[in-house]
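>
Protein chains: 4
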Amino acid sequence: MINLATYAAQAQHVIAAGQFLYGEGWSPATSSNYSARIDEQHLAITVSGKHKGQLKAEDIMIVDLAGQPVLSQQKSSAETLLHCVLYEWQAEIGAVLHTHSKAATVLTRLLADQDQLVLEGYELQKAFPGVTSHEGQVVIPIFENTQDIRTLAGQSLSYLEQYPDTPAYLIRGHGLYTWGKTMADTLRHIEAMEFLMACELELLKVAR
Amino acid sequence: MINLATYAAQAQHVIAAGQFLYGEGWSPATSSNYSARIDEQHLAITVSGKHKGQLKAEDIMIVDLAGQPVLSQQKSSAETLLHCVLYEWQAEIGAVLHTHSKAATVLTRLLADQDQLVLEGYELQKAFPGVTSHEGQVVIPIFENTQDIRTLAGQSLSYLEQYPDTPAYLIRGHGLYTWGKTMADTLRHIEAMEFLMACELELLKVAR
Amino acid sequence: MINLATYAAQAQHVIAAGQFLYGEGWSPATSSNYSARIDEQHLAITVSGKHKGQLKAEDIMIVDLAGQPVLSQQKSSAETLLHCVLYEWQAEIGAVLHTHSKAATVLTRLLADQDQLVLEGYELQKAFPGVTSHEGQVVIPIFENTQDIRTLAGQSLSYLEQYPDTPAYLIRGHGLYTWGKTMADTLRHIEAMEFLMACELELLKVAR
Amino acid sequence: MINLATYAAQAQHVIAAGQFLYGEGWSPATSSNYSARIDEQHLAITVSGKHKGQLKAEDIMIVDLAGQPVLSQQKSSAETLLHCVLYEWQAEIGAVLHTHSKAATVLTRLLADQDQLVLEGYELQKAFPGVTSHEGQVVIPIFENTQDIRTLAGQSLSYLEQYPDTPAYLIRGHGLYTWGKTMADTLRHIEAMEFLMACELELLKVAR
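Each protein sequence line maps, in turn, to chains W, Z, F and P. Quick note on numbering: numbering that gives the first Met the number 0 labels position 97 of the first sequence as 96, and the sequence is numbered without any gaps. Quick note on numbering: numbering that gives the first Met the number 0 labels position 204 of the second sequence as 203, and the sequence is numbered without any gaps. Quick note on numbering: numbering that gives the first Met the number 0 labels position 7 of the third sequence as 6, and the sequence is numbered without any gaps. Quick note on numbering: numbering that gives the first Met the number 0 labels position 60 of the fourth sequence as 59, and the sequence is numbered without any gaps.
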């Protein structure tokens, strides 16, 4: 049985996340999708096509880990399956956020021949779990964009099973996926990724 | 007979759009003009020369599809005719927004020898009506700037009759026109265009 | 006799201008100074060294056209004389704003060998008084920075007497001066100048 | 005996500083640390790992000049010692702020072979204590980043003892430290440094 109080609380976290992320310019034009875990088998996720800065409670629905609607006739985000595989992969993941920033879009296009973004020498790398120094590398995979979400779900899961310390992934010309134990952790990962991607882009403007 | 309640409601949509667009920096220094359809023959449109972030109800007037004032002695925007031809072209258009962003101004000047902006490979292209993949092209025509609004009205209409799927057009060194069934749709088109133009400009900074 | 109600009203305009200009990032770190005319012989002007986003009524003092304090023991801005000569030059000037934006600072340094910024081909040029087309040129003089305000006052006045249609001037590595009949007009000039300078800077990033 | 009223007042200054600095984007993803002096031997400083835009009173703790917690079981910022040596160095320092901006991060990486940032020709240099003209140089040392805070504490102190007029220092790929008599002074130094670093970065984009 789903605990509706948990759903309601998680839906509020999703709404607040949307207000922040839209305000930062990272979820424009009804793009992006967000979710939070309700229990082992269920998540609260954004309904498809909503303005992310103006989410209402009824814009957050429940799906199971197969992506099927529960207690709802609404249509969840087209990318629901990308969220589901993350929750299934690691039981401790409590939230998943997908955003569409200019920095993510531009940087992945500029790195056209690379399948990863390598971050090193930044103090802010320490915002990611388990990172205690600026001296190591944080590797963020870049997947090619596709409208075939099932393929992307499989590809992202394979990668993460091989490299479980990965804190986020990028889709080229599209955006960022990240996750964390809590919504606050996940938002911190987004802030760090957006900061670091913006820095990389600034470096390219001068040094390329 | 004009339905004044419809006028009043549409005027409120125009005012709210102005607050948003000015806040984003896309309508500086009293530039820009906005309208919303009242009925088949009439639109609510901004009076010339007003601060777009501080519009009051009396700053929104009614004109007919020939651009003539109705129930008003005020002077509507100098570009009123560009709005009128769009409403006449397609009965389903409910709102038209014209903005002056830095990205639109700079990008159209940098593309000095091109009469169109071609967008491809961006997930956000899906924000436009009928676009379901990042794989196609979205073509935005760029018209030369002129103070002869009648000429520009004819030119834009000719283009749109030939390419009716066009979601927006640009005027070089000047700004963006876009439209939609509702004000919310039209604002989504602006957000998407501004995002994509900003990305194109960033790409040019690194890659040109 | 000074009309104190006029002083109080103008001080409020100055305070509101400061909140806007600081919010835009154009008056950082207690830089900038602002004034508004009280009568033929007096202006309300910011006291030296105040936070421009947090001005209080007591931070706005009265000076005469020679820059001498009236009814005050406070010290007005070090650049008071630059304001005074503008009010003396043209009786219709009602407000003078001096700001320190990044765009003004960087652009005047990049144009190191030029004593003017020439704006052309921008629709937004029409935000300046008397400009009705994008086709002409708007010429903004750039003066060398100096701590000798008396010299700069003379230099700016000489220039304006020769070119009275000038809507603003720049000081290299320092900032912008502009003026207008009302505070609203003057703020519109700043918005237009900041927009146009930002565009020029973006063009240089790609095209230089 | 510690004056708790002074602690409580200083903690409020720290909280307000955090709201401002986070809002500007200079303290993302729980980075940064801030402090204010309570008395000759004690300072109020941020607890490690908190969201800097959402600090609560309990997130500000007391440490002595050796960096040891007083009346607290919480863990202060990992960089506490960098604050302590500044307060010990100069009795008149009342606040110390450390921020992580994109400009500081990118600029120090671009100046990879330089151990200082030299600012000259900017009017805004006058925001720093004792600077009365744009004509001199303001020299900001750049230290290499390290997780060994004790080493960095010694290095920064040695430098400042040799060059006591230094208004701030940078850590490469990491961020900015600055200080002042009051929190307001220290915030003014940050605003000035961020403005000037952003200008330097813009210049590099065009001129390098």
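Ideal Cβ placement from N, Cα and C applies to all residues, glycine included.
1. Hey, is W/Ser-155 close to the ligand SAM, as in C-beta under 8 Å from one of its heavy atoms?
2. Buried or exposed: which applies to P/Thr-29, given that a residue is buried once 16 or more other Cβ atoms fall within 10 Å of its Cβ?
3. Please tell me whether F/Val-137 and F/Pro-163 are closer than 9 Å, where the distance is taken between their beta carbons.
4. Measure the Cβ-Cβ separation of Z/Pro-68 and Z/Ser-75 and say whether it is below 9 Å.
5. Find the residues of chain Z that neighbour F/His-133, judging by a C-beta separation of less than 8 Å, and give them in chain order.
6. Using 9 Å as the limit for Cβ to Cβ distance, is F/Cys-83 near chain Z?
7. In its own chain, which residues sit with a C-beta less than 6 Å from the C-beta of W/Cys-83, not counting the 5 before and 5 after it?
8. How far does the beta strand (DSSP E) with P/Leu-0 in it reach, from first residue to last?
9. List the residues that DSSP assigns as beta-bridge partners of Z/Val-137.
10. In whole angstroms, what separates the C-alpha of W/Ala-43 from that of W/Ala-10?
11. What residues from chain P crowd round W/Leu-96, counting only those whose CB sits closer than 9 Å?
12. If we call anything under 9 Å between Cβ atoms a contact, is F/Pro-27 one with P/Ala-111?
13. Shorter than 9 Å from the beta carbon of Z/Glu-236 to some beta carbon of chain W?
14. Quick one: is F/Lys-55 near chain Z, going by C-beta distance under 9 Å?
15. Tell me which same chain residues have a C-beta within less than 6 Å of the C-beta of F/Glu-91, skipping the five on either side of it?
16. If we ignore side chains and look at the alpha-carbon of each, how far apart do W/Glu-199 and Z/Leu-3 end up?
17. Decide yes or no for the touch test of the region 105–122 of chain F against the region 46–53 of chain F: beta carbon pairs closer than 8 Å, at least 3 of them.
18. With 9 Å set as the bound, which would you pick, yes or no: does the beta-carbon of F/His-50 sit closer than that to a beta-carbon of chain P?
19. Determine the extent of the beta strand (DSSP E) in which P/Trp-178 is found, giving its start and end residues.
20. Of all the CB atoms in chain Z, is at least one closer than 9 Å to the CB of W/Arg-149?
21. Since F/Met-60 sits in a beta bridge, which residues does DSSP pair it with?
22. So what's W/Ile-92 in DSSP terms, helix, strand or just coil?
23. What does F/Arg-36 pair with, by DSSP beta-bridge criteria?
24. Just to check my reading of the structure: P/Tyr-33 and P/Leu-96 have Cβ atoms closer than 8 Å, yes? What is that Cβ distance to the nearest angstrom?
25. Less than 9 Å between CB atoms is the rule here; does F/Gly-120 satisfy it with respect to chain Z?
26. Less than 9 Å separating the beta-carbons of F/Glu-122 and Z/Ile-139?
27. Using the Cα positions of F/Ala-7 and Z/Ile-141, report the straight-line distance between them to the nearest angstrom.
28. Could you have a look at F/Thr-185 and say whether DSSP puts it in helix, strand or coil?
29. By how many angstroms is the C-alpha of Z/Lys-125 removed from the C-alpha of Z/Thr-131?
30. Within a Cβ cutoff of 8 Å, which residues of the same chain sit near Z/Gln-40, ignoring the five residues on either side of it in sequence?
31. Closest to F/Leu-54 by C-alpha separation, out of F/Leu-151, F/Ala-16 and F/Phe-194, would be which residue?
32. Listed in chain order, which residues of the region 90–116 of chain P have Cβ atoms closer than 7 Å to some Cβ of chain W?
33. Among P/Ala-183, P/Ala-103 and P/Leu-195, whose alpha-carbon lies nearest the alpha-carbon of F/Ala-103?
34. Put Z/Phe-142 into one of helix, strand or coil per three-state DSSP.
35. Whole angstroms are fine: how far does the CA of W/Gly-172 sit from the CA of Z/Gly-120?
36. Who pairs with P/Ser-75 in a beta bridge, going by DSSP?
In terms of the structure at hand:
1. The ligand SAM is not part of this structure, which contains no ligands at all.
2. buried
3. Result no, Cβ atoms of F/Val-137 and F/Pro-163 do not sit closer than 9 Å.
4. yes
5. Asn-144, Gln-146, Gly-172 and His-173
6. no
7. Leu-64 and Gly-66
8. According to the sequence provided, residue 0 of chain P is Met. The question's Leu does not apply to it. Premise fails: P/Met-0 is in no beta strand (DSSP E) and is neither H nor E.
9. Z/Leu-118
10. 6 Å
11. In chain order: nothing, as chain P lies at least about 14 Å away.
12. Their beta carbons are not under 9 Å apart, which means F/Pro-27 does not touch P/Ala-111 by this criterion.
13. Any question about residue 236 of chain Z goes unanswered here, given that chain Z covers just 0 to 207.
14. no
15. Lys-180
16. 54 Å
17. No, they do not touch.
18. yes
19. 174–179
20. no
21. F/Ile-44
22. When secondary structure is reduced to three states using DSSP, W/Ile-92 falls in the coil class, being assigned neither helix nor strand.
23. F/Leu-42
24. 5 Å
25. For F/Gly-120, at least one C-beta of chain Z is nearer than 9 Å to its own C-beta.
26. No, the Cβ-Cβ distance between F/Glu-122 and Z/Ile-139 is not below 9 Å.
27. Cα-Cα distance, rounded: 49 Å.
28. helix
29. 5 Å
30. Asp-63 and Leu-64
31. F/Ala-16
32. His-99, Lys-101, Thr-104, Val-105, Arg-108 and Leu-109
33. That would be P/Leu-195, whose Cα lies nearest to the Cα of F/Ala-103.
34. The answer is strand: DSSP assigns Z/Phe-142 an E or B state.
35. 6 Å
36. For P/Ser-75, which the question treats as bridged, DSSP gives the partners P/Val-46.
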